[in-house]
Structures are given as C-alpha cells and as structure tokens.
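> Before anything else, here's the structure in question.
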Amino acid sequence: MGFRRDIADAFLKTNEINPDFVEVAPENWINMGGYWGAQFKEVSHRFPVFLHGLSLSIGSPDELDLAFLRQVKNFIAEHDVRVYSEHLSFAKMDNAHLYDLLPIPFREDSVKHLVARIKQVQDFLEMPIAIENVSYYTPVAAQMTESEFINQIVSQSGCNLLLDVNNVYVNAFNHHYDPYEFISGMPLDRVAYIHMAGHEQVSPTLIVDTHGEAIIDPVYDLFDFTVAKLKPVPVLLERDFNFPEIRMLNHEMNQLRSIVNKYWIKDVVPA
Amino acid sequence: MLYQPDTYKIEQDLSRFGRTGNDIFIPGATEEGLRQYRRLLRNNINNTMVQAFPISRQVLPDDEWNELINLFFADHDAKTAQIWKLPAEFVTFVKEKDYATLWSKPWLNDLLYFEWIEIEVYTMPDIEAEPFTLQGDIRNGTIVVNPEYRLIPLRYPVHLYAVEEAKNHPGDYFMMVYRHPETREVLFADLSALDTFTFENIAHEQLSLSDIAAGLKLQFALSDQHPLLTNMIAFVQEMMAQKLFLGYAEERK
Ligand SMILES: [Fe+2]
C-alpha cells in the first residue's frame with residue numbers, strides 16, 4: 009500500500025496495516041527531516057520501499073533534471089529501494105514544473121524521444137525502471153494508438169511496464185475502447201508491477217483517476233482477467249486521499265489477495 | 020531532444036492552457052478533457068498554497084487570493100521538483116511583484132514568510148547539535164544552540180497580532196522559529212533586540228554571556244554591565260527551558 013501521512017499511524021503505531029511493501033513518491037520524502045523524516049526512516053526500516061516518481065517528466069522536451077535524479081539515486085541507495093517507477097507522461101514544460109501528469113502525443117517522434125530518455129535514466133540509475141500507463145482525459149494529436157505507443161516504448165527501451173489496471177479502465181471509458189482487448193495487447197511479459205485504484209466519474213463522458221475512492225467491481229473483474237495472464241508480480245493498492253476506515257482499506261487488500269491467490273503461488277501477496 | 024517541432028508545440032500548448040486557461044487548439048483534443056486538466060492543475064497549486072498559508076488565505080479577499088494564484092501559476096516557472104517546497108517560491112514571487120504596495124497590504128510579505136518559515140523549520144533536514152552537558156556556568160560557559168532554527172526579522176508583528184492590528188505596529192521585530200529536539204514540534208519566540216544580539220553572539224561567535232556583556236559595556240561606555248548581564252541570563256535560562264539552547268559545551272581540559 010502507499011504510505012501516506014494521513015494513515016501513517018496504522019502502519020507504524022497500531023500495525024493495522026501490515027503490507028508486504030510500501031510505495032512512496034520520492035518527491036514527498038527526499039530531504040525531509042524532523043517528525044516526518046523520522047517516521048519515514050522507520051517505514052523504510054520496517055517495510056521494503058518502492059519508489060513511484062512524479063516529477064521526472066520523462067515525456068517533456070526539457071532536459072532531464074540530473075541534479076534531482078542524483079538525489080533519487082542517493083535515496084534509492086539509502087533506503088535499499090527495489091523498484092523505481094515513473095509515468096508515461098510529462099510534468100514539466102518550458103522549465104516549469106506542472107505537478108501533474110499530462111498526456112504525450114502518441115507519435116513516432118515521441119516514441120524515439122521517450123526511448124532515449126528512459127535509457128538515459130536507466131543508465132544514470134544503473135537499474136531498470138518501470139513505466140506506468142497513465143490516465144488521460146483528452147486525446148492529443150495522436151498518430152498511433154495508445155497500445156502501439158506503449159508497446160514500442162517498452163520493446164525499444166528495455167524498460168519494464170507498470171500496468172495500472174484502473175487507468176486502463178478509465179482510458180477505455182474516456183476514449184471508447186475495450187479494456188480487455190487493450191490488456192491482451194500489452195507486452196505482458198514485461199509487466200513488473202501492478203497498480204489498482206479507485207476513480208471518480210465527473211460527468212457522463214469523463215472519468216478522472218483520483219485515487220480517492222474505493223476500487224469498483226468492473227476494475228476488479230479486469231484485474232482478475234489480467235492476473236490470469238501474468239506471472240506473479242507485486243500489486244499495489246493506491247489510495248492518496250479521502251481515506252476510509254482502515255478496515256475498509258484492508259478489505260480492499262483482501263479482495264486483491266483473494267483474486268491473486270486464484271492464480272499465483274501463495275508467497276506473492278499484494279501490498 | 021527528439022521531438023518534431025509540432026509535437027513539441029502540442030505539449031507546450033497543453034502546458035500553457037493548464038497554466039492560464041487561455042484558448043488553444045490541439046488536434047483531436049476535447050474541450051471537456053482540456054478543461055479538466057486546467058482544473059486539476061490549478062486546484063493542485065491552489066490546494067498547496069491554501070495548506071501552506073491558511074492565515075493569508077483567510078485574510079485576503081477571494082478575488083485577491085485567486086488573482087495571486089492565477090498569476091503565480093501563469094507567470095512563475097516553478098523550479099522545485101517537490102511541490103511541498105513550492106510555497107517558498109510563492110513567497111518570493113509575491114514579494115518581487117510587490118503586491119504588498121499594490122494592494123496596500125504592507126504586512127503581506129511578512130505574513131507569507133511567517134507562514135512558510137513554520138513549514139520550512141518543521142520539515143528541514145536534521146542537523147546534529149554540538150555535544151553538550153546540562154550542567155554548566157551560565158555566565159562564563161559556552162552555550163550550545165539548538166541548530167534547527169531560523170531567526171527572521173519582521174517589519175510587521177504578524178507573529179504577535181492579527182494583521183489588522185499588526186499593521187498599526189511597524190517596527191523591528193525578531194522572530195525565532197525552531198524545532199523542539201524531542202517532540203520535533205515548531206516553536207516560536209519573539210526576541211527583543213538585546214535577545215537577538217545575545218543569541219547571535221552565542222550562535223556565531225561562541226561567546227559567553229560575560230564576554231558579550233563586557234563587549235557591550237565597552238562599546239557603549241556603560242558604567243555597569245550588571246543589568247545587561249542579568250537580562251541575558253534570564254533570556255538564556257528561559258530559552259534553555261524551552262530548548263532553543265540545549266546546554267553547555269563540554270569544557271576543554
Ligand atoms: Fe497508478
């Protein structure tokens with residue numbers, strides 16, 4: 009599960025949440041001292057830490073921020089991080105951070121750019137990274153399908169895929185395609201990690217990926233379909249705000265576990 | 020960079036739209052989707068600032084607050100990769116654009132700075148203190164300072180009064196903001212000019228209180244340094260109890 013300040017006590021004090029690993033955004037914790045710095049040290053001492061970045065902006069034309077990436081690299085070493093993932097999107101433009109994930113045009117030149125950037129990041133960090141399919145709310149001048157785009161990037165860059173099943177559902181709804189067909193068309197042998205989350209329908213035609221709601225049944229169904237096709241990989245329950253009672257979060261974790269246990273060996277459990 | 024110019028421009032337009040809401044055209048884009056990005060991006064910036072500056076948000080009228088957020092997002096190129104540090108850039112932006120004068124709110128810069136400093140001190144990386152003991156000679160010993168502090172000068176006492184009152188009391192104020200070494204809570208203290216002088220001599224020159232008082236006596240040709248020293252001792256004792264001072268440096272043998 010994602011470690012967030014709002015539910016920190018359930019991880020560290022009451023032990024109500026006891027995941028097999030935690031995921032955090034490095035941007036939220038790098039150079040953090042004081043109370044929260046100490047809390048994070050305890051988290052990284054007790055749980056394996058996965059990093060899920062927000063600001064690297066792999067999809068923007070701006071130069072990579074190598075000073076920041078250096079900090080990420082140090083953080084990875086300091087906390088013995090096993091997985092670093094980022095998004096297939098851009099979050100920086102004209103030298104300004106935007107602090108959100110904006111969609112990249114699905115085009116040949118962006119594939120080339122992204123492949124070079126992912127390789128640059130992997131070389132710098134001396135480890136493979138996983139790249140996540142993001143939710144997007146409008147098409148932007150696409151010249152190929154999202155599926156083609158992802159497949160080309162993964163195969164040419166050698167990176168892993170962080171498959172966010174909820175994002176597939178959200179995009180399938182927003183852009184009118186079949187989520188099952190989409191999943192089947194993904195490079196499933198390269199999936200290293202799965203995200204599951206809730207979302208919010210903001211209008212009859214648009215769903216937004218909020219991480220603030222419970223996972224809905226059709227996304228569980230899609231997850232079941234996905235898991236059946238995959239070798240065992242870590243699964244994350246993403247919840248960033250609007251937290252329910254802890255038992256509801258554990259209920260969601262158990263739902264994911266029961267699906268996973270139908271297909272995978274027992275020792276790989278969602279967290 | 021391997022983008023073709025038109026791909027580059029599409030991303031640039033999307034970013035400009037997110038930052039300003041000004042009309043753009045992107046082939047294939049839906050208006051609903053674009054507006055959603057504008058909403059998400061602006062909310063993100065606004066929420067970050069509301070959280071960082073709850074008092075400023077409350078005392079500024081909605082139209083002024085919204086204008087600040089809009090202008091900041093549109094005109095300022097955010098430098099930090101860590102959004103929780105962005106409020107520091109907001110403080111500088113508002114100061115440089117001089118809204119304090121423009122809107123006749125002379126206390127505005129101080130208030131924003133005051134609110135940001137609390138976050139800065141709460142989150143700043145840990146700093147290890149010099150070794151110390153709790154027993155020592157308060158007059159002649161070397162006093163060890165809690166290194167996790169910021170001492171900031173203020174023109175308006177926004178740390179003492181609500182802004183409507185603070186604006187009637189311009190002056191030279193010194194606010195000490197520091198982190199309690201055990202609880203890690205942020206504490207505030209209003210320091211007098213003498214306290215500030217004493218603190219800086221302890222922190223930067225490692226002078227004893229006797230040395231500081233003797234220096235002042237000489238500088239101002241005072242007949243008696245005793246009242247000064249009494250004052251300084253009271254300050255150090257009080258702030259040692261409050262953990263701004265941690266104790267005494269171990270005597271060098
Ligand atoms: Fe995700």
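Sequence order for the protein chains is A and B.
In this text, residue positions in the first sequence follow the numbering used here: the first is 9, and each later residue adds one.
In this text, residue positions in the second sequence follow the numbering used here: the first is 20, and each later residue adds one.
All C-beta atoms, glycine included, are put in the ideal place defined by N, C-alpha and C.
Bear in mind that the values here come from a model prediction, so they are computed numbers and not experimental data.
Between the Cα of A180 (chain A) and the Cα atoms of A:G42, A:C167, A:V216 and A:P195, which residue gives the shortest distance?
Nearest C-alpha to A180 (chain A): A:V216.
> Report all residues for which the CB-ligand distance to some heavy atom of ligand 1 is below 5 Å; order them along the chain.
A:D172 and A:H203
> Could you check which residue in A:L64, A:D131, A:Q128 and A:M204 has the C-alpha nearest to that of V268 (chain A)?
A:M204
> How many Å lie between H95 (chain B) and Q160 (chain A) at the Cα?
Cα atoms of H95 (chain B) and Q160 (chain A): separation of roughly 36 Å, rounded to the nearest angstrom.
> I'd like to know if M143 (chain B) contacts chain A, where contact means its C-beta is closer than 8 Å to some C-beta of that chain.
At least one CB of chain A lies nearer than 8 Å to the CB of M143 (chain B).
> Evaluate H60 (chain A) with the Cβ neighbour count: other Cβ atoms within 10 Å of its Cβ, from every protein chain shown; 16 or more gives buried, anything less gives exposed.
buried
> Could you check where the beta strand (DSSP E) with N168 (chain A) kicks off and where it finishes?
N168 to D172
> Just by C-beta distance, which residues in the stretch 131-164 of chain B are closer than 7 Å to chain A?
Cβ contacts with chain A come from Y141, T142, M143, P144 and D145.
> With distances taken from CA atoms, which of A:S52, A:A149, A:P27 and A:F249 is nearest I38 (chain A)?
A:S52
> Quick check: what's the CA-CA separation for L73 (chain A) versus L64 (chain A)?
The residue asked about is misnamed: residue 73 (chain A) is Asp in this sequence, not Leu. Whole-angstrom Cα-Cα distance: 7 Å.
> Applying a beta-carbon distance threshold of less than 9 Å, which residues of chain A neighbour E184 (chain B)?
Neighbours of E184 (chain B) on chain A: none; closest Cβ ~31 Å, over 9 Å.
> Between the Cα of I136 (chain B) and those of B:E184, B:I231 and B:Y197, spot the shortest distance and give me the residue it belongs to.
B:Y197
> Excluding the 5 residues flanking V148 (chain A) on each side, which residues of the same chain have their C-beta closer than 6 Å to its C-beta?
P111 and P113
> In three-state terms, what does DSSP make of L79 (chain B)?
coil
> Closer than 8 Å, CB to CB, is Q31 (chain B) near chain A or not?
yes
> Any beta-carbon of chain A closer than 8 Å to the one on E168 (chain B)?
According to the sequence shown, residue 168 (chain B) is Tyr rather than Glu. Not an interface residue.
> Between M20 (chain B) and chain A, is any beta-carbon pair separated by less than 8 Å?
yes
> Under 8 Å by Cβ, that's how I've got F58 (chain A) and R90 (chain A) pegged, so tell me the actual separation to the nearest angstrom.
Indeed, because the Cβ distance is near 6 Å, the residues count as touching under 8 Å.
> Could you run through the stretch 111-126 of chain A and flag, in chain order, every residue whose CB is less than 8 Å away from some CB of chain B?
P111, I112, P113, R115, D117, S118, K120, H121 and A124
> List the DSSP bridge partners of G266 (chain B).
B:V163
> Between R158 (chain B) and S227 (chain B), what straight-line distance do the alpha-carbon atoms span, to the nearest angstrom?
6 Å
> Which parts of the stretch 35-117 of chain B are runs of the alpha helix (DSSP H), unbroken and 4 residues or longer, counting only runs that do not cross its ends?
50-71, 73-78, 81-94 and 105-115
> I need the DSSP call for D137 (chain A), collapsed to helix, strand or coil.
Position check: residue 137 (chain A) holds Ile in this sequence, whereas Asp was assumed. Reduced to three states, the DSSP call for I137 (chain A) is coil.
> Opposite H105 (chain A) in the DSSP bridges: which residues?
A:K100
> Under DSSP, the beta strand (DSSP E) around P172 (chain B) begins and ends at which residues?
Y168 to L173
> Counting along the chain, where does the beta strand (DSSP E) carrying F207 (chain B) start and finish?
V205 to L210
> Just to confirm the assignment, what range does the beta strand (DSSP E) spanning R198 (chain B) have?
Y192 to R198
> Just the Cα atoms here: how many angstroms apart are G190 (chain B) and M68 (chain B)?
28 Å
> In angstroms with no decimal places, state the Cα-to-Cα distance between I231 (chain B) and E147 (chain B).
For the pair I231 (chain B) and E147 (chain B), the Cα-to-Cα distance works out to about 25 Å.
> Between V177 (chain B) and the rest of its own chain, which residues show a CB-CB distance below 7 Å, the 5 nearest in sequence each way excluded?
W126, D129, L130, F133 and A185
> Compute the beta-carbon to beta-carbon distance between M231 (chain A) and V173 (chain A), rounded to the nearest angstrom, for a pair I have assumed lies under 8 Å.
The sequence given here has Phe at residue 231 (chain A), not Met. Right, their Cβ atoms sit about 5 Å apart.
> Mind pulling the chain B residues with CB within less than 7 Å of F76 (chain A)?
A100
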